[in-house]
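Worksheet: the structure to be examined is printed underneath.
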Amino acid sequence: MSGFFWTALPYIAFATLIVGTAYRYWTGERGWTTKSSEFLSKKSLMIAGPMFHLGLLMAFGGHVIGILIPKALTDGIGISEHLYHIIALGGGIPAGILFLGGFFLLMRRRFDTPRMKVNTSTMDGVIYFVLFLTLITGFGGTLLNAVGLLGDDFNYRTCISPWFRSVLAMSPDVSLMADTPLIFKAHVILAMFTMILFPFTRLVHCLSFPFEYFMRSAIIYRRK
Ligand code: HEM
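Counting from 1 along the sequence shown, just add 894 to a position and that's the residue number in this note's numbering.
Rendered as structure tokens:
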């Protein structure tokens, strides 16, 4: 079974992400939206929205650096393991707090009021649940690792990161994931499920940054 998770599942996830997103765009462009609910409940969104999205951008940057840049390269330019760890935690812990804290505030807003609840679909519920598990295992793993509870020998840059790059190189090396702690195995599997679900959820809005907002004049809303 572990062979499936570390060899076939990543390709199923990438293929569903790319083909599913393209299919949704071509067949249902009008439904390509995050279904803004700002007009239903605005106050808490002003803090929760930026908090969640800033945390997401920071964590995304951390993943790109931690997973795509080989340890040999950072060693080669003189960044010691200790220094790398300090930099990673210095960015990673605030990122995790913002990401998870923003997520909790967004969920409280969504499930607190009846009018928000009726505007929440089953698919919204499914992606919120999978996202929650992905965030909690990622941040939980980071914190457990920071306090040494995942063992002295564990370093994700010598197992998860080279495994992920081996997948990108179309030659997945399953053995690299063998000794990875359960919490990070769960995190990576959940992340792949997030990718599989992505095209069928409101998350697609992140691919449509509204650049034209900067050019057009403001829309004025007035109270009745
Ligand atoms: C296959 C893709 C992914 C891999 C291989 C992966 C791997 C990792 C690893 C190794 C860490 C530990 C980083 C550290 O300790 O500094 C981590 C942390 C984390 N991951 Fe992922 N991840 C993936 C996708 C995702 C996705 C899709 C999400 C969110 C939706 C996510 C959310 C997080 C969060 C919130 C943390 C905590 C890091 C922080 O505090 O900045 N990850 N992930």
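Note that the Cβ used here is the ideal one computed from N, Cα and C, for glycine as well. Predicted model, so just to flag it, every value in this text is computed and none were measured.
1. Measure the CB-CB distance between I1083 and F899 and report whether it falls below 8 Å.
2. Measure from the alpha carbon of K929 to the alpha carbon of each residue in M1010, V913, F1078, then state which is nearest.
3. At 3 residues or longer, what runs of the beta strand (DSSP E) sit wholly inside the stretch 1040-1071?
4. By the 10 Å Cβ neighbour count, where 16 or more other Cβ atoms means buried, how is F1005 classified, buried or exposed?
5. What residue range does the alpha helix (DSSP H) around I1090 cover?
6. Please return the same chain residues whose Cβ sits closer than 8 Å to the Cβ of G956, not counting the five positions on each side in sequence.
7. CA-CA distance, S896 and Y1050?
8. For L903, which residues in the same chain have their Cβ closer than 8 Å to its Cβ, ignoring the five residues on either side in sequence?
9. Compute the minimum distance between the beta carbon of A953 and the heavy atoms of ligand 1, and state whether it is under 7 Å.
10. Given 8 Å as the limit, is there contact between the stretch 933-944 and the stretch 954-971, that is, 3 or more CB pairs closer than that?
11. Can we count M1086 as close to ligand 1, meaning its CB is less than 7 Å from some heavy atom?
12. Within 10 Å of its beta-carbon, does C1100 have 16 or more other beta-carbons around it, so buried, or fewer, so exposed?
13. Pick out whichever of L1043, L1070, V1041 has its Cα sitting closest to the Cα of S1055.
14. By the three-class DSSP mapping on this structure, what secondary structure does M1010 have?
15. Given a cut-off of 8 Å, decide if L992 and G949 are closer than it, judged by their beta-carbon atoms.
16. Below 6 Å CB to CB, which residues in the same chain sit around L911 once its five sequence neighbours on both sides are set aside?
17. Work out the CA separation of A1063 and V1024 for me, nearest whole Å.
18. Using the Cβ count rule (16 or more neighbours within 10 Å means buried), how would you classify W920?
19. Could you compute how far the alpha carbon of K1079 sits from the alpha carbon of N1039?
20. What are the boundary residues of the alpha helix (DSSP H) that includes Y917?
21. Using the three-state DSSP reduction, which class does R1002 fall into: helix, strand or coil?
22. Can you tell me whether V1012 is buried or exposed, with buried defined as 16 or more other CB within 10 angstroms of its CB?
Answer, in terms of the structure:
1. Reading the sequence shown from its first residue, position 189 is the one you call residue 1083. Reading the sequence shown from its first residue, position 5 is the one you call residue 899. In contact: I1083 and F899 (Cβ atoms closer than 8 Å).
2. As a first step, residue 929 must be located in the sequence shown, where it is residue number 35. If we check each option's Cα against that of K929, M1010 comes out closest.
3. none
4. Reading the sequence shown from its first residue, position 111 is the one you call residue 1005. Sixteen is the threshold: since fewer than 16 other Cβ atoms of the shown chains lie within 10 Å of the Cβ of F1005, the residue is exposed.
5. Within the sequence shown, the letter at position 196 stands for residue 1090. Element bounds for I1090: 1076-1091.
6. Translated into the one-based positions of the sequence shown, residue 956 becomes position 62. Here the set comprises A982, G985, G986, A989.
7. As a position in the sequence shown, residue 896 is number 2, starting the count at 1. As a position in the sequence shown, residue 1050 is number 156, starting the count at 1. Taking the straight line joining both Cα atoms gives about 18 Å.
8. Within the sequence shown, the letter at position 9 stands for residue 903. Here the set comprises I1083, M1086.
9. Within the sequence shown, numbered from 1, the residue matching residue 953 stands at position 59. A953 Cβ: within cutoff of ligand 1.
10. no
11. Stepping through the sequence shown from its first residue, residue 1086 is reached at position 192. Yes.
12. Looking up residue 1100 in the sequence shown gives position 206. So C1100 ends up on the exposed side.
13. As a first step, residue 1055 is located in the sequence shown; it is residue number 161 there, counting from the start. S1055 has its Cα closest to that of L1070, out of L1043, L1070, V1041.
14. Here residue 1010 corresponds to residue number 116 of the sequence shown, with the count starting at 1. Reduced to three states, the DSSP call for M1010 is helix.
15. On the sequence shown, position 55 is the one that residue 949 refers to. On the sequence shown, position 98 is the one that residue 992 refers to. The answer is yes: Cβ separation under 8 Å.
16. What you label residue 911 is simply residue 17 of the sequence shown in a count that begins at 1. Hits under 6 Å: M1089, F1092.
17. Position 130 of the sequence shown, counting from 1, holds the residue named residue 1024. Position 169 of the sequence shown, counting from 1, holds the residue named residue 1063. So the alpha carbons of these two residues sit roughly 27 Å apart.
18. On the sequence shown, residue 920 is found 26 positions in, with the first residue counted as 1. Exposed, since its Cβ has fewer than 16 Cβ neighbours within 10 Å.
19. Residue 1079 sits at position 185 when you count from the first residue of the sequence shown. Residue 1039 sits at position 145 when you count from the first residue of the sequence shown. K1079 and N1039: Cα-Cα distance of roughly 14 Å.
20. In the sequence shown, counting from the first residue as 1, residue 917 sits at position 23. In this chain, the alpha helix (DSSP H) harbouring Y917 covers 903-921.
21. As a first step, residue 1002 is located in the sequence shown; it is residue number 108 there, counting from the start. Here R1002 sits in helix by DSSP.
22. By 1-based counting over the sequence shown, the position of residue 1012 is 118. Answer is exposed; the Cβ neighbour count stays below 16.
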